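S.K.: Going by this note's numbering, the sequence shown opens with residue 1064, and the numbers climb by one from there.
The C-beta atom is built at its ideal place from N, Cα and C for all residues, glycine as well.
Just so we're clear, the structure is a prediction, and the values are computed from it rather than from any experiment.
Sending over a structure as structure tokens; questions will come in a sec.
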Amino acid sequence: MADSEGVRLQKVLSQAGVASRRVAEKMIIDGRVEVDGQLVTELGTRVDPSVSVIRVDGARVSVDDSQVYLALNKPRGMHSTMSDDRGRPCIGDLVEHRVRGNAKLFHVGRLDADTEGLMLLTNDGELAHRLMHPSYQVSKTYVATVPGTVPRGLGKKLRAGIDLDDGPVRVDDFAVVDAVPGRTLVRVTLHEGRKRIVRRLLAAVGYPVQELVRTDIGAVSLGEQRPGSIRVLNRKEIGELYKAVGL
């Protein structure tokens, strides 16, 4: 790229929220910034934010301001589609008038209508594809309400693996969050993406799910988001998603 083309690297980093322009200049001089796999230490370097892959301290930075990365808390009763030809409520209804430029968004995976919780929405097709692909094994965490009292050895059993109709599944982590008479709140982490996998898994060991919420996808957490609310992912969260899928 000719010197007269593109945008100065320190300006791009500043606009992306990495640091002030002055601090970004020091990052470049200190050898902390890469562009398209090459270390850059020249302050006059210009880049094209729409195509350049920029990393700071090894973590990729989203610098294309046309790209959208959102976290949605999908309410119960809503379908995980951007439109529904049967007129049922869907996540597309929530974002239709709330996303700049009506960007073409991909929803990363699905939640069944009865399940609440975290969904990611983006127009970054490569990221969306990789996050959904089983080979990258991006973890997902759910909190489930189940009936009765959960025995101490259930977590060990689930970590060892359970055979379902479409093959075995094992959890990465399992914990009891809370218990009251008649029901227990449990947290399940796994990297499976099969349909209704948490419900089927817990039903198979005798604990059919009464309520289910997905709380985490990789490094992104639902936190205090209310059902139906949408927020923009921060730079660190986007960087961690890139890292998880090798981008």
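Do K1137 and L1174 come within 8 Å of each other at the CB atom, strictly closer than that value?
M.R.: What you label residue 1174 is simply residue 111 of the sequence shown in a count that begins at 1. What you label residue 1137 is simply residue 74 of the sequence shown in a count that begins at 1. Yes, Cβ-Cβ distance for L1174 and K1137 is below 8 Å.
S.K.: Report the CB separation of I1117 from E1088 in whole angstroms; it is logged as a contact under 8 Å.
M.R.: Here residue 1117 refers to the residue found at position 54 when the sequence shown is read from its first residue. Here residue 1088 refers to the residue found at position 25 when the sequence shown is read from its first residue. Not confirmed; about 15 Å, so no contact.
S.K.: In or out: P1112 buried (at least 16 other Cβ within 10 Å) or exposed?
M.R.: Counting from 1 along the sequence shown, the entry for residue 1112 is found at position 49. Its Cβ being crowded by 16 or more others within 10 Å, P1112 is buried.
S.K.: Using only the alpha-carbon positions, how far apart do V1295 and P1231 sit?
M.R.: Numbered from 1 along the sequence shown, position 232 holds the residue referred to as residue 1295. Numbered from 1 along the sequence shown, position 168 holds the residue referred to as residue 1231. Near 36 Å, if we compare the C-alpha coordinates of P1231 and V1295.
S.K.: How would you write the range of the beta strand (DSSP E) that T1310 sits in, first residue to last?
M.R.: By one-based count along the sequence shown, residue 1310 stands at place 247. Here the sequence assigns Leu to residue 1310, which means Thr is not the residue at that position. Unbroken run through L1310: none, as it is neither H nor E.
S.K.: Under a Cβ-count criterion, where at least 16 other Cβ atoms within 10 Å of its own Cβ denotes burial, should K1258 be classed as buried or exposed?
M.R.: Here residue 1258 refers to the residue found at position 195 when the sequence shown is read from its first residue. K1258 should be labelled exposed.
S.K.: Roughly how many whole angstroms lie between the Cα atoms of Q1078 and G1286?
M.R.: Locating residue 1078 in the sequence shown gives position 15, counting from the first residue. Locating residue 1286 in the sequence shown gives position 223, counting from the first residue. When rounded, the distance between both Cα atoms is 26 Å.
S.K.: Answer yes or no: does any C-beta atom of chain D fall closer than 8 Å to that of D1229?
M.R.: Absent here is chain D; the protein component of the structure consists of one chain.
S.K.: Going by the beta-carbon positions, is the gap between G1155 and S1146 smaller than 8 Å?
M.R.: The count along the sequence shown starts at 1 and reaches residue 1155 at position 92. The count along the sequence shown starts at 1 and reaches residue 1146 at position 83. Cβ atoms of G1155 and S1146: closer than 8 Å.
S.K.: Leaving out five residues before and five after R1084 in sequence, what residues of the same chain have Cβ atoms less than 6 Å from its Cβ?
M.R.: Taking the sequence shown and counting its residues from 1, one reaches residue 1084 at position 21. For R1084, where only same-chain residues beyond five positions count, the Cβ hits under 6 Å are Q1073 and S1077.
S.K.: So, for D1235: in the same chain, excluding its five sequence neighbours on each side, which residues have a beta-carbon less than 7 Å away from its beta-carbon?
M.R.: Taking the first residue of the sequence shown as position 1, residue 1235 is located at position 172. Cβ within range, chain order: S1202, T1252, L1253 and H1254.
S.K.: Mapping DSSP to helix, strand and coil, what is V1138?
M.R.: Here residue 1138 refers to the residue found at position 75 when the sequence shown is read from its first residue. It should be noted that the sequence gives Pro, not Val, for residue 1138. Three-state result, P1138: coil.
S.K.: Where G1029 and F1169 are concerned, what is the direct C-alpha to C-alpha distance, given to the nearest angstrom?
M.R.: No answer is possible for residue 1029: it lies beyond the span of the chain, which begins at 1064 and ends at 1310.
S.K.: To the nearest whole angstrom, what separates the beta carbons of L1135 and Y1205, a pair I think is in contact under 8 Å?
M.R.: As a working mapping, residue 1135 is identified with position 72 in the sequence shown. As a working mapping, residue 1205 is identified with position 142 in the sequence shown. Actually they are not in contact, since the Cβ atoms of L1135 and Y1205 sit about 16 Å apart, beyond 8 Å.
S.K.: By DSSP, does A1065 sit in helix, in strand, or in coil?
M.R.: By one-based count along the sequence shown, residue 1065 stands at place 2. Confidence in A1065 is poor, its pLDDT being 43 and thus under 50, which makes the residue's placement too unreliable to answer from.
S.K.: Please confirm whether V1213 and P1271 have their CB atoms less than 8 Å apart.
M.R.: Within the sequence shown, the letter at position 150 stands for residue 1213. Within the sequence shown, the letter at position 208 stands for residue 1271. No, Cβ-Cβ distance for V1213 and P1271 is not below 8 Å.
S.K.: By alpha-carbon positions, which one of L1184, I1091 and V1114 ends up nearest to L1106?
M.R.: For this step, residue 1106 is matched to residue 43 along the sequence shown. Considering only alpha carbons, the answer is I1091.
S.K.: May I ask you to report which of helix, strand or coil DSSP gives V1116?
M.R.: Counting from 1 along the sequence shown, the entry for residue 1116 is found at position 53. Three-state DSSP puts V1116 in coil, outside helix and strand.
S.K.: Comparing C-alpha positions only, which one of G1309, R1289, D1177 and E1068 sits nearest to A1191?
M.R.: Taking the sequence shown and counting its residues from 1, the one referred to as residue 1191 is at position 128. The option with the nearest alpha carbon to A1191 is G1309.
S.K.: What three-state label does DSSP hand D1147 in the structure shown?
M.R.: Numbered from 1 along the sequence shown, position 84 holds the residue referred to as residue 1147. In this structure, D1147 counts as coil in the three-state DSSP scheme.
S.K.: State the DSSP-derived secondary structure class of S1202, mapped to helix, strand or coil.
M.R.: Along the sequence shown, read from residue 1 onward, the residue named residue 1202 stands at position 139. Coil, per DSSP.
S.K.: Who are the near neighbours of G1143 in its chain, counting only those whose CB is closer than 7 Å to its CB and skipping five residues on each side?
M.R.: Position 80 of the sequence shown, counted from the first residue, corresponds to residue 1143. The amino acid occupying residue 1143 in the given sequence is Ser; Gly does not appear at that position. Excluding residues within five positions, the ones whose Cβ falls inside 7 Å are K1137, I1154, H1170, R1173, L1174 and M1182.
S.K.: Take A1082 as the anchor and find which of V1119, T1247, V1243 and L1227 has the nearest alpha-carbon.
M.R.: Within the sequence shown, the letter at position 19 stands for residue 1082. Minimum Cα distance to A1082 is reached at V1119.
S.K.: Which value, in whole angstroms, describes the spacing of the CA atoms of Y1132 and Y1199?
M.R.: Taking the first residue of the sequence shown as position 1, residue 1132 is located at position 69. Taking the first residue of the sequence shown as position 1, residue 1199 is located at position 136. Going from the Cα of Y1132 to the Cα of Y1199 covers about 19 Å.
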